[in-house]
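A.B. asks:
Protein chains in written order, with our numbering: chain A, 117 to 366; chain B, 117 to 366.
#1: With a Cβ-Cβ cutoff of 8 Å, do residue 145 of chain A and residue 261 of chain A count as a contact?
#2: For a minimum of 3 consecutive residues, which ranges assigned as the beta strand (DSSP E) are wholly contained in the region 203-283 of chain B?
#3: Taking 8 Å as the cut-off, does the region 325-333 of chain B touch the region 357-366 of chain B (at least 3 CB pairs, one atom from each stretch)?
#4: Could you give the residue range of the alpha helix (DSSP H) that holds residue 180 of chain A?
#5: Here's the rule I'm using: 16 or more other beta-carbon atoms within 10 Å means buried, otherwise exposed. How should residue 315 of chain B be labelled?
#6: Is the region 268-287 of chain A touching the region 192-208 of chain A, taking contact as three or more C-beta pairs under 8 Å?
#7: Examine the Cβ distances between the region 180-197 of chain B and the region 243-252 of chain B and report whether three or more of them are shorter than 8 Å.
#8: Going by DSSP, name the residue or residues bridged to residue 370 of chain B.
#9: Rounded C-beta distance between residue 331 of chain B and residue 347 of chain B? I'm assuming under 8 Å.
#10: How many Å lie between residue 287 of chain B and residue 249 of chain A at the Cα?
#11: Taking C-beta to C-beta, are residue 205 of chain A and residue 178 of chain B nearer than 8 Å?
#12: Taking residue 130 of chain B as part of the alpha helix (DSSP H), name the residues at either end of that continuous run.
#13: Counting only the same chain and skipping the five closest in sequence on each side, list residues whose C-beta sits under 7 Å from that of residue 304 of chain B.
#14: According to the Cβ coordinates, are residue 218 of chain A and residue 301 of chain A closer than 8 Å?
#15: If we ignore side chains and look at the alpha-carbon of each, how far apart do residue 449 of chain A and residue 338 of chain A end up?
#16: Alpha carbon to alpha carbon, what distance is there between residue 273 of chain B and residue 139 of chain A?
#17: Start and end of the beta strand (DSSP E) containing residue 172 of chain B?
#18: Is the beta carbon of residue 171 of chain B less than 8 Å from the beta carbon of residue 130 of chain B?
#19: Please determine, among B:124, B:353, B:366, B:340, the residue with the shortest C-alpha to C-alpha distance to residue 310 of chain B.
#20: Would you tell me roughly how many angstroms separate the C-alpha atoms of residue 137 of chain B and residue 289 of chain B, rounded to the nearest one?
#21: So, with DSSP's three-state summary, where would you put residue 360 of chain B?
#22: Rounded to the nearest angstrom, what separates residue 135 of chain B and residue 228 of chain A at their Cα positions?
#23: Name, please, each residue of chain A whose Cβ falls closer than 7 Å to the Cβ of residue 365 of chain B.
#24: Kindly indicate which residue of B:203, B:126, B:165, B:155 has the alpha-carbon position closest to the one of residue 186 of chain B.
#25: For residue 181 of chain A, which residues from the same chain have a beta carbon less than 7 Å from its beta carbon, with the 5 sequence-adjacent residues on both sides left out?
#26: Nearest CA to the CA of residue 237 of chain A: which residue from A:334, A:353, A:294, A:225?
#27: Alpha helix (DSSP H) containing residue 92 of chain A: first to last residue?
#28: Run through chain A and tell me which residues come within less than 8 Å of residue 285 of chain B, C-beta to C-beta.
#29: Pick helix, strand or coil for residue 353 of chain B, following the three-state DSSP scheme.
#30: Assuming residue 161 of chain A and residue 266 of chain A make a contact with CB atoms under 8 Å, what is their CB distance in whole Å?
#31: Using DSSP bridges, identify the partner residues of residue 138 of chain B.
#32: Reducing DSSP to helix, strand and coil, say where residue 309 of chain B ends up.
#33: State the Cα-Cα distance for the pair residue 117 of chain B and residue 153 of chain B, rounded to the nearest angstrom.
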């Protein structure tokens, strides 16, 4: 835990180093085997859960700050973060409730706008590590969140909306599924995020017609009578779609 | 034009009144008869075009500030604004270039993050009015923009991306078309924004199957042999779709 002295030092030097009244909060979604989770950390001084977040340096580009904060707080690296919203409608009173006594009346307690970034990772592959102030980190099911500090519940809801809309306009799955996957596996990924059942015939047809996935001509031997075909992403089309966008009607 | 004295007064009192380092800029798209335009104002001190924008009061909700700024700057009222991005990656040097000499070395010249809001209106129905600093306002075709101040060109491009993605997830047209319209009229609206041709049979079918538009059983008499059917929005379904979202595959 950050000592009182360290905290006072941060308050003193931070006033010059950081943008005042502006933070970044990261909603890191994790997918694994039909489960969608979100990364929460325990805020030590406040005894509650919240999102990893931090301040932006006065000379730092916003997107660089987001990557740095995520890495510093959780040790997660190379995660593609996407900005989704800036939260400036939370009544100031609500923000004040969750403020630690040590920072009352400092710049840390001034009204703050929070810029939300989100990402989607394979949660069995990453091990977030705590920093001084926040941790340990835990993956929580998006449908079973504990009470959250600040307006972080609202942030997760909004991030989830964006993640879902993104699904119709950007390919996903690379880095979340094995290199070769079955059709039920990729369908489960989409179904888990959208929380709705998709047609088992039409869904792969649409991905195929967009050129996103292709048949590997291999099968996976599961049992004597079950050997589903294996598919893989067409990386070239996938990258073009990431860059230019798609329209996927599910 | 704001006098030097007024400007100095604003600089002095504004430091206490406004959030420092944070502005709102509004990208107001205007549609009329197959034309898509954007509202630009002439920045008097800088002799260049830019978007209407302003500062957020320290005690003001973000969404309230956006409405207030648009109204103060352009006298536009009751425009539904939607936040789309916060710009914090513009190198600080680029921002500095466009700063008026009178505000150099004041809080107005500090590094600023700009929160982008956009809207879509029927441009023949609105008459924006200038304020002290910016004006007159003019509608410029999105494909024929003059050189713009600051990073406003990038903002318009990004806003246009969001407007287009929105089209697949939210109904539009109400307040942009007459109460009763022909199928070519609503198709033109979508085609103008998307800058692509849509199938003249499938497009209305999709709107109908989502319950967004309905046949009025009336026709418009254009000539002896031309009397296209008139349609109207199903306001109940339209509002539900606005609230809950749709998936429109075009």
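Think of the CB as a built atom: it goes at the ideal place given N, C-alpha and C, for glycine as much as any other residue. Every value quoted in this text rests on a predicted model; they were computed, and no experiment measured them.
C.D. replies: Walking through what the data contain:
#1: Going by C-beta atoms, residue 145 of chain A is not nearer than 8 Å to residue 261 of chain A.
#2: Counting whole runs of 3 or more residues, the region 203-283 of chain B contains the beta strand (DSSP E) stretches 229-238, 250-257.
#3: Output reads yes: the region 325-333 of chain B touches the region 357-366 of chain B.
#4: That run of the alpha helix (DSSP H) goes 178-190.
#5: Flag for residue 315 of chain B reads exposed.
#6: Judged by Cβ distances under 8 Å, the region 268-287 of chain A makes contact with the region 192-208 of chain A, as three or more pairs qualify.
#7: Contact between the region 180-197 of chain B and the region 243-252 of chain B is present: 3 or more CB-CB pairs across the two stretches fall below 8 Å.
#8: Look at the range of chain B in this structure, 117 to 366, and you will see that residue 370 of chain B is not part of it.
#9: The Cβ separation is near 6 Å, so the contact holds.
#10: Pairing residue 287 of chain B with residue 249 of chain A, the inter-Cα distance amounts to about 45 Å.
#11: For the pair residue 205 of chain A and residue 178 of chain B, the CB atoms are nearer than the 8 Å cut-off.
#12: Boundaries of the alpha helix (DSSP H) harbouring residue 130 of chain B: 120-133, taken from the DSSP string.
#13: The residues are 150.
#14: Not closer than 8 Å, so no.
#15: Chain A is shown only over 117 to 366; residue 449 of chain A falls outside these bounds and no answer can be derived.
#16: Approximately 25 Å between the Cα atoms of the pair.
#17: Taken as a continuous stretch (DSSP letters only), the beta strand (DSSP E) holding residue 172 of chain B covers 169-173.
#18: Yes, the pair counts as a contact, with Cβ atoms nearer than the cut-off.
#19: For the residues B:124, B:353, B:366, B:340, the minimum Cα distance to residue 310 of chain B belongs to B:366.
#20: In a straight line, the C-alpha of residue 137 of chain B is about 36 Å away from that of residue 289 of chain B.
#21: Correct three-state label for residue 360 of chain B: helix.
#22: Each residue's Cα considered, the two are about 9 Å apart.
#23: The answer, in chain order, is 363, 365.
#24: Closest option to residue 186 of chain B, Cα to Cα, is B:155.
#25: Excluding positions up to five away in sequence, the list reads 140, 172, 173.
#26: The residue among A:334, A:353, A:294, A:225 with its C-alpha nearest the C-alpha of residue 237 of chain A is A:294.
#27: Absent from the structure is residue 92 of chain A, since the part of chain A shown begins at 117 and ends at 366.
#28: The answer, in chain order, is 281, 284.
#29: Judged by DSSP in its simplified three-state form, residue 353 of chain B adopts helix.
#30: Residue 161 of chain A to residue 266 of chain A, Cβ: 13 Å. No contact.
#31: DSSP lists B:229 as partners of residue 138 of chain B.
#32: Taken through DSSP and simplified to helix, strand or coil, residue 309 of chain B comes out as helix.
#33: Caution is warranted here: a pLDDT of 44 is assigned to residue 117 of chain B, below 50, making its placement in the model unreliable, and the coordinate value is therefore given only provisionally. Computed Cα separation, rounded: 26 Å.
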